[in-house]
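Peer 1: Adding 57 to a residue's 1-based position in the sequence shown gives its number in our numbering.
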Amino acid sequence: MNRLAIPLQGAQMLFVAFGALVLMPLLTGLDTNVALFTAGLGTLLFQLVTRRQIPIFLASSFAFIAPILYGVQTWGIPSTMGGLMAAGCVYLILASLVKVRGDGFIKRLLPPVVVGPVIIVIGLGLAPVAVNMALGKSGDGSLVLVDGSVALMISLASLLSTIAVAIFAKGVAKLMPILAGIIVGYSLSLTMGIVDFTPVHNANWFAIPSFVAPEFNWHAIAFMIPVAIAPAVEHIGDILAISNVTGKDYMKKPGLHRTLSGDGIATIAASALGGPPNTTYSEVTGAVTLTKSFNPRIMTWTAITAITLAFVGKLGALMQTIPIPVMGGIMCLLFGSIAAVGLNSLIKNQIDMGEPRNLCIVGVTLVFGIGGMAFGIGSFSLTGISLCGIVAITMNLLLPATKPEAALTE
Numbered sequence: 058m059n060r061l062a063i064p065l066q067g068a069q070m071l072f073v074a075f076g077a078l079v080l081m082p083l084l085t086g087l088d089t090n091v092a093l094f095t096a097g098l099g100t101l102l103f104q105l106v107t108r109r110q111i112p113i114f115l116a117s118s119f120a121f122i123a124p125i126l127y128g129v130q131t132w133g134i135p136s137t138m139g140g141l142m143a144a145g146c147v148y149l150i151l152a153s154l155v156k157v158r159g160d161g162f163i164k165r166l167l168p169p170v171v172v173g174p175v176i177i178v179i180g181l182g183l184a185p186v187a188v189n190m191a192l193g194k195s196g197d198g199s200l201v202l203v204d205g206s207v208a209l210m211i212s213l214a215s216l217l218s219t220i221a222v223a224i225f226a227k228g229v230a231k232l233m234p235i236l237a238g239i240i241v242g243y244s245l246s247l248t249m250g251i252v253d254f255t256p257v258h259n260a261n262w263f264a265i266p267s268f269v270a271p272e273f274n275w276h277a278i279a280f281m282i283p284v285a286i287a288p289a290v291e292h293i294g295d296i297l298a299i300s301n302v303t304g305k306d307y308m309k310k311p312g313l314h315r316t317l318s319g320d321g322i323a324t325i326a327a328s329a330l331g332g333p334p335n336t337t338y339s340e341v342t343g344a345v346t347l348t349k350s351f352n353p354r355i356m357t358w359t360a361i362t363a364i365t366l367a368f369v370g371k372l373g374a375l376m377q378t379i380p381i382p383v384m385g386g387i388m389c390l391l392f393g394s395i396a397a398v399g400l401n402s403l404i405k406n407q408i409d410m411g412e413p414r415n416l417c418i419v420g421v422t423l424v425f426g427i428g429g430m431a432f433g434i435g436s437f438s439l440t441g442i443s444l445c446g447i448v449a450i451t452m453n454l455l456l457p458a459t460k461p462e463a464a465l466t467e
């Protein structure tokens, strides 16, 4: 009985993560079956590096949505994947620094006053894309894909059902608001006759995922590297969260340097195959909390289930039939939530916005990111999140600390 229970629990954990896992590639134009495969592969690699000590699952990172959208539009998917591999290498560099200098180094390099506004920019920078899709348009607003009144009805249904499940649902269902929003919006789309099942009919049951080999473009690499700041800090928060849930200090054993390395290797492997970067999933951590399923072997089976489903061709084709207003409605909440996380980081850490130093760092970072500031030398340019990350870190290092901060560092 126990032998069967663990694989079933693993499949349940994938069900919890499924909505968020497939939404990210759907938004960015990547292949959902590749995302399933690389999520499973990334989790297995993470377990290998961390010696299978942590009950955690890795899958598509929302922090990379905006950079991937920009990268795919500007350089194409292969070059974007090369840039994302470089972003994964940032994790390995941070892991090496943590091993040599301790985890306090991360807190000094990336304090909340740096990370908070960068996360806010990641969320708010995508607001126009979310609204355009909710209104039935393409992300840039140039094409009308669904009639506006129909699209608005569907997107609002998706949005409201996602909110309702997030707030009012109980137990495991509370951890699947995105999946609930997709189901409600998709069902309404079916009744309105805007779903085209032709790709599903044409797809084979068994199909090799459409892997994409990376290309290395220095522009894409320079753009993606600073983006790793926010998910690296998010990773630390997730490791602390799962430590609190299980009552074990994973920051010490297997160690933050191993978990960062595992996350970085998972992201590099995913990008090498054309999949989205991986990150530790809070939804699955929440499911672990509810079910008290602390055995890391469960996540091994979650990964195996994801890899198996990646070869079901009709599943990937079915994901592609989800109408754009369904995703747009969910994105209105999702991207706002990302910005709220950054704001909460500033509030929770009591960052005083009356202090000129903090106000300068946060203010300049927000305006540069949301306003679309760009610095360029010849054919090389920095803009968006990459520019924000560099500016925030540089200002934090160069501007003199206030007296309370100076006292803390002495």
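For every residue, glycine included, the Cβ atom is placed at its ideal position computed from N, Cα and C.
To test your reading of the DSSP string, which unbroken alpha helix (DSSP H) runs of 4 or more residues are found completely within the region 66–123?
Peer 2: 89–106
Peer 1: Have a look at MET430 and PHE280 and give me their C-alpha separation to the nearest angstrom.
Peer 2: 14 Å
Peer 1: Rounded to whole angstroms, what is the Cα-Cα separation between ALA123 and LEU390?
Peer 2: 15 Å
Peer 1: Could you compute how far the alpha carbon of ALA287 sits from the alpha carbon of GLY446?
Peer 2: 9 Å
Peer 1: Compare the Cα-Cα distances from GLY393 to each of VAL269, ASP295 and ILE179 and report the closest residue.
Peer 2: ILE179
Peer 1: Suppose the cutoff is 6 Å on Cβ atoms and the five residues either side in sequence are ignored; what does the same chain contact list for LEU126 look like?
Peer 2: THR85
Peer 1: Runs of 3 residues minimum, wholly inside the region 297–377: which ones carry the beta strand (DSSP E) assignment?
Peer 2: 335–337
Peer 1: Which term fits HIS258, buried or exposed, when burial requires 16 or more other beta carbons within 10 angstroms of its beta carbon?
Peer 2: exposed
Peer 1: Measure the C-alpha to C-alpha separation of GLY321 and GLY250 and round it to an integer number of angstroms.
Peer 2: 43 Å
Peer 1: Please name the residue in GLY386, THR422, ILE239 and ALA367 whose C-alpha comes closest to that of GLY399.
Peer 2: Closest in C-alpha terms to GLY399, from the list GLY386, THR422, ILE239 and ALA367, comes THR422.
Peer 1: Using a threshold of 7 Å, state whether the C-beta atoms of THR337 and ILE113 are closer than that.
Peer 2: yes
Peer 1: Between the Cα of GLY198 and those of ILE211, ALA184 and VAL207, spot the shortest distance and give me the residue it belongs to.
Peer 2: ALA184
Peer 1: Among HIS314, ARG109, LEU347 and VAL345, which one has its Cα closest to the Cα of GLY161?
Peer 2: The candidate whose alpha carbon is nearest that of GLY161 is HIS314.
Peer 1: When DSSP labels each residue in this structure, what does THR255 get in the three-state scheme?
Peer 2: helix
Peer 1: Do the region 269–277 and the region 131–140 meet, that is, are 3 or more Cβ pairs less than 8 Å apart?
Peer 2: yes
Peer 1: Taking the straight line between their C-alpha atoms, what separation do you get for LYS405 and HIS292?
Peer 2: 17 Å
Peer 1: Beta-carbon separation of ILE235 and LEU80 under 7 Å?
Peer 2: yes
Peer 1: According to the neighbour-count rule (16 or more other Cβ atoms, all chains shown, within 10 Å of its Cβ), is LEU403 buried or exposed?
Peer 2: buried
Peer 1: Would you mind stating whether GLN66 and ILE355 have Cβ atoms separated by less than 7 Å?
Peer 2: yes
Peer 1: When you compare the CB of VAL269 with every CB in chain B, is at least one pair closer than 7 Å?
Peer 2: Looking for chain B here will not work: only one protein chain is present.
Peer 1: Could you tell me which residues DSSP pairs with LYS194 in its beta bridges?
Peer 2: Answer is VAL201, bridged to LYS194.
Peer 1: What is the rounded straight-line gap between the Cα of ALA230 and the Cα of GLU412?
Peer 2: 43 Å
Peer 1: Can you tell which of LEU200, MET308 and GLU340 has its C-alpha closest to the C-alpha of GLY228?
Peer 2: GLU340
Peer 1: Check this for me: beta carbons of LEU78 and SER117, under 7 Å apart or not?
Peer 2: Note that the C-beta distance between LEU78 and SER117 is below 7 Å.
Peer 1: What is the DSSP secondary structure of ALA431, counted as helix, strand or coil?
Peer 2: strand
Peer 1: Run through DSSP, which three-state label would MET58 get?
Peer 2: Note that MET58 has pLDDT 42, beneath the 50 cutoff, so the model's placement of it is unreliable and no number is given.
Peer 1: In chain order, what residues of the same chain lie with their CB nearer than 7 Å to the CB of ASP253, ignoring the 5 residues before and after it?
Peer 2: THR378
Peer 1: Rounded to whole angstroms, what's the CA-CA distance from THR273 to LEU245? Just pull it up for me.
Peer 2: Note on identity: in this sequence residue 273 is Phe, with Thr being the wrong assignment. C-alpha separation (whole angstroms): 42 Å.
Peer 1: Does the beta-carbon of PRO380 have 16 or more other beta-carbons within 10 angstroms, so that it is buried, or is it exposed?
Peer 2: Buried.
Peer 1: Decide if MET38 is buried, meaning its Cβ has at least 16 other Cβ atoms within 10 Å, or exposed.
Peer 2: In the structure as shown, the chain begins at 58 and stops at 467. Residue 38 is therefore absent and cannot be evaluated.
Peer 1: Counting along the chain, where does the alpha helix (DSSP H) carrying GLY242 start and finish?
Peer 2: It spans 234–248 - the alpha helix (DSSP H) in which GLY242 sits, taken as one unbroken run.
Peer 1: Can you tell me where the alpha helix (DSSP H) holding ILE265 begins and where it ends?
Peer 2: Neither: ILE265 is in no alpha helix (DSSP H) and is coded neither H nor E.
Peer 1: Roughly how many angstroms lie between the CA atoms of LYS371 and ILE265, to the nearest whole one?
Peer 2: It is roughly 11 Å from the alpha-carbon of LYS371 to the alpha-carbon of ILE265.
Peer 1: Given PHE72, which residues of its chain have a CB within under 6 Å of its CB, disregarding the five upstream and five downstream residues?
Peer 2: none
Peer 1: Give me, in chain order, the residues of the same chain whose beta-carbon lies closer than 8 Å to that of ALA397; leave out the 5 immediate sequence neighbours on both sides.
Peer 2: GLY180
Peer 1: Please state whether DSSP places GLU467 in a helix, a strand or coil.
Peer 2: Model confidence at GLU467 stands at a pLDDT of 44, short of 50, so the residue's coordinates are unreliable; what they give is reported in the following sentence. Of the three classes helix, strand and coil, the one that applies to GLU467 here is coil, per DSSP.
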